[in-house]
Every structure is written in C-alpha cells, then in structure tokens.
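Written below as structure tokens is the structure these notes are about.
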Amino acid sequence: MTDERPIRVLVVEDDPVAADAHVLYVSRIPGFTAVGTARTGAEARRVLEREPVDLLLLDLHLPDVHGLRLARSLRAAGHRADVIAVTSARDLAVVREGVSLGVVQYVLKPFTFATLRDRLVRYAEFRAAAGEAGCQEEVDRALAALRVPAPVALPKGLSAPTLERVTAALRGAPDGLTATGLGEAAGISRITARRYLEHLVTTGRASRSPQYGHVGRPELVYRWTPAR
Numbered sequence: 007m008t009d010e011r012p013i014r015v016l017v018v019e020d021d022p023v024a025a026d027a028h029v030l031y032v033s034r035i036p037g038f039t040a041v042g043t044a045r046t047g048a049e050a051r052r053v054l055e056r057e058p059v060d061l062l063l064l065d066l067h068l069p070d071v072h073g074l075r076l077a078r079s080l081r082a083a084g085h086r087a088d089v090i091a092v093t094s095a096r097d098l099a100v101v102r103e104g105v106s107l108g109v110v111q112y113v114l115k116p117f118t119f120a121t122l123r124d125r126l127v128r129y130a131e132f133r134a135a136a137g138e139a140g141c142q143e144e145v146d147r148a149l150a151a152l153r154v155p156a157p158v159a160l161p162k163g164l165s166a167p168t169l170e171r172v173t174a175a176l177r178g179a180p181d182g183l184t185a186t187g188l189g190e191a192a193g194i195s196r197i198t199a200r201r202y203l204e205h206l207v208t209t210g211r212a213s214r215s216p217q218y219g220h221v222g223r224p225e226l227v228y229r230w231t232p233a234r
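Just so we're aligned, residue 7 is where the sequence shown starts under the working numbering, counting upward by one.
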C-alpha cells in the first residue's frame, strides 16, 4: 500500500460483539485503522460530522434505518466515504441498488478474517490508483482490483476455501512470504502452502524470487501480482 496515511474505517454495526470483532479485524490489516464504531445510522452521521472517514464497514440492517437508505442520505449530504456492505441478505436487487450509492464491495455474514482482509486489500489497491489513465486498459486495471476472480477448476488436492486463505494472506504481505511464512499465516503445512503458492504462480497471480543472505540454499519468496 503506497499511501502513507492509513485508510480510516468506521464500523457501523448494531451487534456489539460483531462490531468489536470487525474493529479487531480492521486493526490487524496493514494500511487500515478503525476510527470507531456506530450502532445506528444516526450515530454514524454524528461520527462523520466530527472526523474524516474514508470507508464505512456498514451493516445493512440497523435499528433506525436500512443501510442503503443511510448511504443515500450521506451522499446527499456530501459525505464521500466509500462503503463495504456487511449483510446476511442475498437479494441481488439490493446489490444492484448499492452500486449507485458507493457500495464497492459486499461481504456476506458470517465471514472470516481472511475474507474481510481480501476485500480490504483489494479496496486499498483500487484507492492507490492515481493520476490520469492513458488508455482503456489502465481504467480496466484499476476497476479489476475490486473484482474477485471468477472461480476456476482447481488442481486435484487443492480446495477453494484454503486457496482463499492463502490468497488473502499473500495479498496482505507487501514484502512477500515464504512457504513457511505462508503456512503459518494460513494455518497449513509448509508443503501444502508451497503447492498453493505454485498454483498462484502458474495462474499468474503471484511471482517468486530467491531470497539470499542466509546460510544454505536461498528461500523462495512469493509476492502477490496485482491485476493487469
């Protein structure tokens, strides 16, 4: 993440246990900071009036207002914070409506830390795009950062949930990870981590390079390759 200032996140969630968990998740992701929590739409408005916020982690079912109605009223009042909607609702009509209101991602409850980290890292890549696009490809590349790749058939022995954890861990490590480090981050063995990392290299989503400076053979360091 190139911006020196962390991305400021307001967690809008009426369940205190979930709110505390989401704040903890955000605080664990480099480049992000949680500026606080709001349990209602009215409380969220008060927070936005007194301090800058870049991103709302917004539960759509609040006690006093639907999340999309809150997002619409914030836009009308001139607030420019983006929105990642957190919801158990699966109505695609709601998803379409949210697109026009600054909802850049949807995260379905219940979700893991790895899932939220992946969405936030994608959002950070999207925000990092700056300057004037020189061609259509550069515009497409900026927007692609927000999109989750379509599922593809995995090699035998690899699973989609584990690949998601591996991908999220690698995206969240700007300096790269070895197979050992990735295994520790994703809760899998070094050998298993190596298989997933090599799959990401094969599909063009990661690169690898030797890390020198240690006794013995150099270790391979794997780095996430942003969408192009």
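C-beta: ideal position from N, C-alpha, C; glycine also.
Under 8 Å, do residue i and residue j count as touching if we go by C-beta distance?
i, j, result
"Tyr218", "Gly182", "no"
"Ala40", "Val15", "yes"
"Leu203", "Ala185", "yes"
"Gly47", "Asp70", "yes"
"Ala87", "Leu54", "yes"
"Asp20", "Arg45", "yes"
"Leu5", "Ser94", "This structure does not reach residue 5, given that the chain is present from 7 up to 234, and the question cannot be answered."
Have a look at the DSSP bridge pairing and note the partners of residue i.
i, result
"Glu225", "Gln217"
"Tyr112", "Ala91"
Relative to the C-alpha of residue i, which residue among the options is closest?
i, options, result
"Arg214", "Ser195, Leu176, Ala192 and Ala130", "Leu176"
"Ile90", "Asp70, Thr121 and Gly210", "Thr121"
"Gly178", "Arg223, Leu226, Pro232 and Pro216", "Pro232"
"His205", "Ala134, Glu225, Trp230 and Tyr129", "Trp230"
"Phe38", "Glu131, Asp21, Thr209 and Arg45", "Glu131"
"Leu61", "Leu226, Thr198, Arg133 and Ser165", "Arg133"
"Val207", "Ile194, Leu169 and Gly193", "Leu169"
"Gly193", "Thr209, Ala212, Leu30 and Val172", "Val172"
"Val92", "Leu164, Arg125 and Arg11", "Arg125"
"Phe119", "Glu225, Ala212, Arg223 and Val29", "Val29"
Counting Cβ pairs, one atom from each stretch, are 3 or more of them under 8 Å apart for the stretch 103 to 121 and the stretch 67 to 83? Segments in contact, yes.
Restricting to runs no shorter than 3 residues, where is the beta strand (DSSP E) found entirely within the stretch 51 to 100? Counting only unbroken stretches of 3 or more residues, the beta strand (DSSP E) elements lying wholly within the stretch 51 to 100 are 61 to 65 and 88 to 93, in sequence order.
Contained alpha helix (DSSP H) runs [length at least 4] in the stretch 165 to 207, N- to C-terminal order: Along the length of the stretch 165 to 207, whole alpha helix (DSSP H) runs at least 4 residues long occupy 166 to 177 and 185 to 192, reported in chain order.
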